[in-house]
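Shown next, in structure tokens, is the structure this report addresses.
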Ligand SMILES: Cc1ncc(C[n+]2csc(CCOP(=O)(O)OP(=O)(O)O)c2C)c(N)n1
Ligand SMILES: Cc1ncc(C[n+]2csc(CCOP(=O)(O)OP(=O)(O)O)c2C)c(N)n1
Ligand SMILES: [Mg+2]
Ligand SMILES: [Mg+2]
């Protein structure tokens, strides 16, 4: 994926973030929306390093992961608003579940950190079936505390499973700051315990994230096992839209993104301002059109509640 | 505890090991007995560094931990054989549960590795009540793979809980060798991920184990947090008495203990052979007398099965 | 009895009532402390523990990370060594993440160790549907607490019971699973201020007297059953609505006495109907009152499906007022 | 039907029958693979998987460490990506260690993701009392599988069913909890060699015909109920003994038809009686056959206590043949 397309994805994610913020402020929202404002560079940058058929287990911080993997904003918003056009058939709501087997988007568990063991399993099947697919597993600094990480990481390393762990370290697990959760300065400092490389990148720099992820993906595909990537970033908004963040002094209620990944990418990729502005404009238009389309979609048929429990 | 008493404890544990081996070979055994033959130096050495009121969460590899903490062999064997004289009132059987609140012996979970989180909790209460008690948590190389270790270690380190983790690395988790379980050469290599000291000691050298543990205990009591000690040893017998070890090439069926902790201690502590022999003799006598006493004890009253479920 | 007392008491929300119980018990006994995700500085994701951290400080109100096995397991270890932890799992569903700690260590440690140790702790479990939190954050899992001996199980359906049962739970020497309904946190009701106000375990309360049929309901189903009963009252059907309040211990005497009077019983809960607490209660009713029954004991519960993430759809999965009324009407007609 | 076929078949142990099913299905479909503690080189701590590693190699027979969340969770991930894992937890109790993986991920992933993915896997669960393995290695937890929709639940009581149900489980596109009784591993019985021998899910089998009362028994309680029935036969009491074989799906038709004939029902399982599968079965029997019942539906199960570590004491906790006979005798006398 070239720089321009990468910029476009960062911009498309940003447009959805801002649009949803505005919409929810005005109309409220049924489920929970976990804004990823400011983390778009990690999501777009890391996914840019994946092959179309590689597997993705995303986190709950927005829609960027799946959008970058190729899912349409219409589908994703439909899942967010629990409409029929969504990938989970209207059962969705909030930032939890969307899926696209063709694109390798395998979903997420509502219990944060459950992706570690499931993702390892996808790696086992890739290894057994010889598909040379790689599994990208996104998670937050808080999720890294789960025992599932430890259990998956030890065996994934010994079995050389084709995994890439991408930690979006935004400094917070809801109200608990990273210092209260991690005895070490970096999540990547834990990599050595698992005999895997630990890489720290600037999460605001989508190109740096893509580079780091490409290296990890190559390593995984070559059968050399997992890599732990820690992308440093900041949670700009509350844990969920509506969170007052009373526990927090470091940031206000604003929407400004310090070290904005868009600005950094414009500069590092030397994208002409006019062109970048045009891309941003297209992204806003895409997002607005998608939302309008979704809000016009019918509510799901009540029968769906009992469908899909068993095959 | 002086060298002679340490030798005595190693010898007392060894005597129980050999006696139980002989007894079970002749008469069989109802529950499961997990022999600790060859690991006596770790159990006696580490516990020798504890204060009488320090807490102990032991592992399933024999009776040595609790014997060294001060419980009587009669009580322990009674628990092993499920007799009334045992500390769990005849509900016991096999190497799982014995308890002595006065001596800080707080028990063990049957699910290996559950001690990590419970032990951390004992550390929290010691911290809250200001008792300056330390918690010793024994576990094996296999148990170290449990997610409970990760979850407990991260928070115990941040909260500076007074814990000492003592890993008896005997190279096996039932039939699975350490290389198939650990991506790193040593379990202690994981300490850095938790921001705690990782110490490797020769598990056959009871004095070295005691030294390492003393340092860790002082550190914990001083409020400086946990230490991870890895004591290298070898599992001489099968996982449980009766395990044929078909999966194993490195060792035979014998009872010889390479690098015997007794021999090493005799030499390092310069204990006159005559005196050491006398101690061994007393230890054998103690073990035999204890077993005889226990086998004469009545079976528990059937009513005990429903006692103690609720307070 | 809570209800008598309750009627003259000031109105308070269910969440505030829990908050009061926590603060009062922490003042009364300094061995009582709290641990959980965001329970401290933030005052809990549902605001239930607001102000507790400010009053009691970081030593007794501990924010943890995403480590459910630690939250429960460490509470067990701290409980057996002289303190009284009140641990919170952010969602009751997370019991399954710490299943070994909840159903083995909490429930069995005392027994396995010959009764020499006890585990005086409370595990607070925000339960039930909230609106859009989905299949892994909306479940009602109280039945599991009945199937693993060693635990006690409370599920308050009113603010007064939320306060009184939690205070009793904290003073109980046994481990208690405390299911607080997160969909009821804002419900208001009279809550006694007396710091010695306790609601005993194992005492069901008759929420409404009636003669046509007995409805045994728990949690969110209590207000729904009462609404249904009011509706049927107009039709001359008088439902007796009983809220057990604790499932372990379970007050079968009150339930059986009612069924012997009415001859009909309907058990209603939000949990999945299949193998839920209602199955045990229904089985025991017919064991104890078979010859007094004029009709089979019926049960209503969640369908054999997951709770959909959609806030609109989730209500279709659990029993509603109309469904309860319809079932009761049909049962009475048998 | 298994039993018909079974009678002309060679005698085989329950553990060997499971071993045969595993080997046959792994030969039939190379997507089938195994994972668990000591299932490979050692052939399992109970010897159930002996020879599988030698035949299929380290790629398809994977020894894991002490990582139950990995064993189950990785199986779920591998199942949704084109393979068919047969994972083993060394003891059924360990489901609680991997509770989130078993009851949330295995059971709900398909539904939560709109039915776009499926989770074709089997979780093998050595269950029940063995003799001296204690409170955390002896439990019967099959009822949990009924309370979490999305799972199927099998509990074979004979070698033939052990083989036939496991083969069906492996071919089922849904996640299956397979409870194999570790106390029955050495029990011998006729086991068909036909590699297409399958025992269908949801078909109960009448193990013994009778007219006096219906006994619904599972797992180890099936042979005990049959023994009790033989004993009572001498007294002119003819028990009809039904083994559901799978709890999800559950064949209530066969059970209800029998109860409508006998008018009396006793449900027996090794699991804790309170909130066990028997509660659901009893509740459903009286819902479906209330007016055919001459007496309440009774249940026998483990006492409200833990399984003591002592091999001598553990039998006092679960139903024995004499207890079953006594209960049936009393029930018939009502
Ligand atoms: C196992 C589990 N514990 C707790 C929660 C509640 N919860 C949801 S998100 C979250 C914080 C996660 O923090 P982090 O992993 O850093 O991701 P972030 O929200 O910062 O993107 C918590 C505690 C959950 N969903 N699952
Ligand atoms: C959680 C859990 N998983 C598996 C088991 C079965 N098991 C008992 S001991 C053991 C091996 C433990 O190995 P290690 O920790 O190295 O201790 P060792 O037996 O070598 O002393 C296993 C797998 C168990 N009891 N608990
Ligand atoms: Mg975070
Ligand atoms: Mg070992």
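Protein chains in written order, with the numbering used here: chain A, 1 to 311; chain B, 312 to 622; chain C, 623 to 956; chain D, 957 to 1290. A virtual CB, placed ideally from N, CA and C, is assigned to each residue, including glycine. Computed from a predicted model, the values in this text were never measured in an experiment.
Closer than 8 Å: residue i CB and nearest ligand 3 heavy atom
| i | result |
| --- | --- |
| residue 172/A | yes |
| residue 243/A | no |
| residue 168/A | yes |
| residue 82/A | no |
Heavy atom of ligand 1 within 8 Å of residue i beta-carbon
| i | result |
| --- | --- |
| residue 719/C | yes |
| residue 113/A | yes |
| residue 203/A | no |
| residue 143/A | yes |
| residue 759/C | yes |
| residue 146/A | yes |
| residue 419/B | no |
Endpoints, the alpha helix (DSSP H) within which residue i is located
| i | result |
| --- | --- |
| residue 169/A | First-last for residue 169/A: 163–169, but that is the beta strand (DSSP E), not the alpha helix (DSSP H). |
| residue 1269/D | 1267–1270 |
| residue 277/A | 273–295 |
| residue 894/C | Run containing residue 894/C: none in the alpha helix (DSSP H); it sits in the beta strand (DSSP E), 887–894. |
| residue 731/C | 729–734 |
Limits of the unbroken beta strand (DSSP E) element including residue i
| i | result |
| --- | --- |
| residue 602/C | The requested residue 602/C is not part of the displayed model; chain C covers only 623 to 956. |
| residue 450/B | 446–451 |
| residue 1044/D | 1040–1044 |
| residue 440/B | From DSSP, residue 440/B is part of no beta strand (DSSP E) but of the alpha helix (DSSP H) over 426–440. |
| residue 1254/D | 1254–1258 |
| residue 967/D | 967–969 |
| residue 1019/D | 1017–1019 |
| residue 1111/D | Note, residue 1111/D: premise wrong, no beta strand (DSSP E); not H, not E. |
| residue 511/B | 509–513 |
| residue 1145/D | 1144–1146 |
Bridge partners - residue i, DSSP secondary structure assignment
| i | result |
| --- | --- |
| residue 1135/D | 1081/D |
| residue 1208/D | Per DSSP, none; premise fails for residue 1208/D. |
| residue 989/D | 1041/D |
| residue 105/A | 56/A, 100/A |
| residue 160/A | DSSP, once it has assigned bridges, lists no residue as partnering residue 160/A. |
Near ligand 2: residue i beta-carbon under 8 Å from a heavy atom
| i | result |
| --- | --- |
| residue 550/B | yes |
| residue 218/A | no |
| residue 97/A | no |
| residue 264/B | Nothing about residue 264/B can be read from this structure; chain B reaches only from 312 to 622. |
Heavy atom of ligand 4 within 8 Å of residue i beta-carbon
| i | result |
| --- | --- |
| residue 546/B | yes |
| residue 1023/D | no |
| residue 320/B | no |
| residue 432/B | no |
Check: residue i C-beta below 8 Å from any heavy atom of ligand 5
| i | result |
| --- | --- |
| residue 370/B | The model depicted lacks ligand 5 and carries ligand 1, ligand 2, ligand 3 and ligand 4 instead. |
Just by C-beta distance, which residues in the segment 689–713 of chain C are closer than 7 Å to chain A? For the segment 689–713 of chain C, the residues whose beta carbon sits under 7 Å from a beta carbon of chain A are, in order, 689, 691.
Ordered list of beta strand (DSSP E) runs contained in the segment 525–577 of chain B, each at least 3 residues: Within the segment 525–577 of chain B, complete beta strand (DSSP E) segments of at least 3 residues are found at 538–543, given in chain order.
Could you run through the segment 312–334 of chain B and flag, in chain order, every residue whose CB is less than 7 Å away from some CB of chain D? Close to chain D, meaning a Cβ-Cβ distance shorter than 7 Å, is no residue of the segment 312–334 of chain B at all.
Residues of the segment 1228–1249 of chain D in Cβ contact with chain C at a cutoff of 7 Å, in chain order, please. For the segment 1228–1249 of chain D, which is checked against every Cβ of chain C, the residues closer than 7 Å are 1228, 1230, 1231, 1232, 1233, 1235, 1236, 1238, 1239, 1242, 1243, 1246.
Counting only runs of 4+ residues fully inside the segment 822–862 of chain C, write out the alpha helix (DSSP H) ranges in chain order. For the segment 822–862 of chain C, whole alpha helix (DSSP H) runs of length 4 or above, ordered along the chain, are 843–855.
Relative to chain D, which residues along the segment 754–766 of chain C have a C-beta separation below 9 Å, given in chain order? Residues of the segment 754–766 of chain C with a C-beta atom less than 9 Å from some C-beta of chain D are 756, 757, 758, 761, 763, 765, 766, listed in chain order.
Ranges of the beta strand (DSSP E) found wholly within the segment 337–389 of chain B, counting only runs of at least 3: Counting only runs of 3 or more residues that sit fully inside the segment 337–389 of chain B, the beta strand (DSSP E) segments are 366–368, in chain order.
Residues in the segment 123–154 of chain A having any Cβ partner in chain C nearer than 7 Å: Listed by position, the residues of the segment 123–154 of chain A near chain C (Cβ gap below 7 Å) are 142, 143, 145, 146, 147.
Could you name the residues of the segment 483–504 of chain B whose beta carbon sits closer than 7 Å to any beta carbon of chain D, in the order they occur along the chain? Against chain D - using a Cβ distance shorter than 7 Å - the residues of the segment 483–504 of chain B are 484, 485, 486, 487, 491, 492.
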